[in-house]
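Chemist: Next up is a structure, given as C-alpha cells.
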Amino acid sequence: MKVDVNAIPKDVAVALGKGDVDLDDPASTLLLLKANAVVGATGFFGADGKTLTSVGIQCAVCHSTVDDAYAPGIGHRLDGWPNRDLNIGAIVALAPDLTAFTEMLQVSEADVKKAVEAWGPGKFDAELNLDGKAFRPDGKTSATLNPPAFGLAGVNNHTWTGAWGTVSYWNAYVGNLEMHGKGTFYDPRLDDAEKYPVAARTKQGHKQDKEDRITAKLPALHFYQLSLPTPQPPEGTFDSAAAEKGKTLFNDKAKCATCHVPPLFTEPGWNLHTGDEIGIDDFQAKRAPDGRYRTAPLRALWNMDKVHKGGFYHDGRFAMLEDVVAHYNDHLNLNLSAEEKGDLIEYLKSL
Numbered sequence: 137m138k139v140d141v142n143a144i145p146k147d148v149a150v151a152l153g154k155g156d157v158d159l160d161d162p163a164s165t166l167l168l169l170k171a172n173a174v175v176g177a178t179g180f181f182g183a184d185g186k187t188l189t190s191v192g193i194q195c196a197v198c199h200s201t202v203d204d205a206y207a208p209g210i211g212h213r214l215d216g217w218p219n220r221d222l223n224i225g226a227i228v229a230l231a232p233d234l235t236a237f238t239e240m241l242q243v244s245e246a247d248v249k250k251a252v253e254a255w256g257p258g259k260f261d262a263e264l265n266l267d268g269k270a271f272r273p274d275g276k277t278s279a280t281l282n283p284p285a286f287g288l289a290g291v292n293n294h295t296w297t298g299a300w301g302t303v304s305y306w307n308a309y310v311g312n313l314e315m316h317g318k319g320t321f322y323d324p325r326l327d328d329a330e331k332y333p334v335a336a337r338t339k340q341g342h343k344q345d346k347e348d349r350i351t352a353k354l355p356a357l358h359f360y361q362l363s364l365p366t367p368q369p370p371e372g373t374f375d376s377a378a379a380e381k382g383k384t385l386f387n388d389k390a391k392c393a394t395c396h397v398p399p400l401f402t403e404p405g406w407n408l409h410t411g412d413e414i415g416i417d418d419f420q421a422k423r424a425p426d427g428r429y430r431t432a433p434l435r436a437l438w439n440m441d442k443v444h445k446g447g448f449y450h451d452g453r454f455a456m457l458e459d460v461v462a463h464y465n466d467h468l469n470l471n472l473s474a475e476e477k478g479d480l481i482e483y484l485k486s487l
C-alpha cells in the first residue's frame, strides 16, 4: 500500500527523513491510518482514539499510487494510476475468517487461499465471485491487472472485457459486490446459471439493501474519474525523430489506427473484439457478457515503472512494447522491418 506524503504529520515526516520510523511496526501503521495518510484506506478508532476497530477501503487502494518523491511507496498521490505493487490476494489470504468466500464459492478454505495467493502483485479477479473460475485452462491465475483509471473521457467501454459497461457500472459493481458496501445493484445477465453459476445461485444481480450508501455517490465519482488526465511523457522519454516516423507507420502500414483511432486511441463506438481478431485466447473474454475484449486506449505507454508495471494486455502476457509489436507484426502479417518496429515503439512511448 502507498502513503500520501502530504497527509503525514510534519513531525512524523521529519522522523521518516531521519530514518527514525520503523514502517514494519504496527504502531507506525496506526499513526499513518489516523492521519489519513494511507492511500485508499480509512482507519476507524475506538473511543480511546488509539484502538483500531475497523478499516474501510476506497477505489484508490487499487487505482491510485504515489510518485515515490519522499521514499519508495511514500510520495504525492497519483490518482487513476494503477497500484501494480499491491498484492491483494496475499492480503485476502491473511484474513482470519474466509467464510465469505468459502460459502459463496462452496469450496474449502485451502482452495480459496490457493486461488487468491496465485494472483500476485497488481492483479485482482473481479469475476471469481460470479463464475468461480480461479484458474485458466493453462493453470495460470484468472486474475487481471489493475487497469489505469485516467484518460477515459470519450471512451465507450471501460473494462478489459468491455461489455460490462461504463465507469458508473463498474463503480456500482465493485462498491456492492466486491467491497460489499450497502447499496443497490441490478444486472439480470448474472442470472445465467450456466455462465455465472455463483452469481445466479447467490442472486448477485439483484442486490437491494434497505440503506443505500453507494448510489448517490456514483455521479460525482464518475465525473471525477473522467476528469483524470492522461499523464504526459517527460522530456527524454522517447526519440522524437523516430516517433514522427513511427506515427506514420501507426496510421498506415502497421494498421494500429484501424482500432486505436487517434486521439481516443480506441474506436469511437462499440470498441470490442473477439480473441481471434486480436490473436489471443478467449478465456477472459468468455467470462464477460458478450465474449469480447475491449480495444484498450493507449495511455502513458512510456511508463513501465508504475502504469504498465507487470506488462501489457489484461493479464500482462506481453512484458514489453516490443512484445506487443512483435505479436501484431506476426498476427497481421505486417512485415515490419527492425527499424520500423523501433520507430513504432518510439511513437507508442510518446502517447
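First residue of the sequence shown: 137, per this note's numbering; consecutive thereafter.
Ideal Cβ positions, reconstructed from N, Cα and C, are used throughout, including at glycine.
Can you look up glutamine 340 in the DSSP assignment and give me helix, strand or coil?
Modeler: Residue state, collapsed to three classes: coil.
Chemist: When burial is assigned at 16 or more other CB atoms within 10 Å of the CB, is phenylalanine 237 buried or exposed?
Modeler: That one is buried.
Chemist: State yes or no: is the beta carbon of aspartate 158 nearer than 9 Å to at least one beta carbon in chain B?
Modeler: Given the protein chain composition of this structure (a single chain), no chain B is represented.
Chemist: Which runs of the beta strand (DSSP E) spanning at least 3 residues fall entirely within the region 247–319, listed in chain order?
Modeler: Here no run is fully enclosed.
Chemist: What span of residues does the beta strand (DSSP E) with phenylalanine 180 cover, start to end?
Modeler: Taken as a continuous stretch (DSSP letters only), the beta strand (DSSP E) holding phenylalanine 180 covers 177–181.
Chemist: Where in the region 435–479 do unbroken runs of the alpha helix (DSSP H), each at least 4 residues long, occur, reported from the N-terminal end onward?
Modeler: Counting only runs of 4 or more, we get 457–467.
Chemist: Rounded to whole angstroms, what's the CA-CA distance from aspartate 160 to leucine 166? Just pull it up for me.
Modeler: Distance between the alpha carbons of aspartate 160 and leucine 166: 11 Å.
Chemist: Assuming proline 333 contacts glycine 427 under a Cβ cut-off of 8 Å, what Cβ separation, rounded to an integer in Å, is found between them?
Modeler: 17 Å between Cβ atoms; not a contact.
Chemist: Three-state secondary structure (DSSP) at glycine 192?
Modeler: Strand, per DSSP.
Chemist: Going by the CB atoms, is the gap between isoleucine 224 and valine 252 shorter than 9 Å?
Modeler: Contact: yes.
Chemist: Reducing DSSP to helix, strand and coil, say where alanine 421 ends up.
Modeler: Of the three classes helix, strand and coil, the one that applies to alanine 421 here is helix, per DSSP.
Chemist: Mind checking which residues open and close the alpha helix (DSSP H) that includes valine 150?
Modeler: That run of the alpha helix (DSSP H) goes 146–153.
Chemist: I need the boundaries of the beta strand (DSSP E) containing leucine 214, first residue and last residue.
Modeler: Element bounds for leucine 214: 213–215.
Chemist: Going by DSSP in three states, valine 202 sits in which element: helix, strand or coil?
Modeler: Correct three-state label for valine 202: strand.
Chemist: Quick check on the burial criterion: 16 or more other C-beta atoms within 10 angstroms. Buried or exposed for proline 162?
Modeler: Looking at its Cβ environment, which holds fewer than 16 other Cβ atoms inside 10 Å, proline 162 is exposed.
Chemist: Select from Ala455, Ile481, Val191, Gly182 the residue whose C-alpha is nearest the C-alpha of methionine 315.
Modeler: The option with the nearest alpha carbon to methionine 315 is Val191.
Chemist: With a threshold of 6 Å on Cβ separation, who are the neighbours of asparagine 387 within its own chain once the five nearest residues in sequence on each side are excluded?
Modeler: Only Ala393 meet the Cβ criterion.
Chemist: Using the C-alpha atoms, what's the distance from alanine 173 back to alanine 149?
Modeler: In a straight line, the C-alpha of alanine 149 is about 11 Å away from that of alanine 173.
Chemist: Who pairs with leucine 354 in a beta bridge, going by DSSP?
Modeler: None, per the DSSP bridge assignment.
Chemist: Compare the C-alpha of lysine 138 against each of Lys154, Leu169, Val175, Arg453 and name the closest.
Modeler: Answer by Cα proximity: Val175.
Chemist: Work out the CA separation of leucine 457 and threonine 431 for me, nearest whole Å.
Modeler: Approximately 16 Å between the Cα atoms of the pair.
Chemist: Could you check the C-alpha separation between threonine 402 and threonine 277 for me, to the nearest Å?
Modeler: Each residue's Cα considered, the two are about 27 Å apart.
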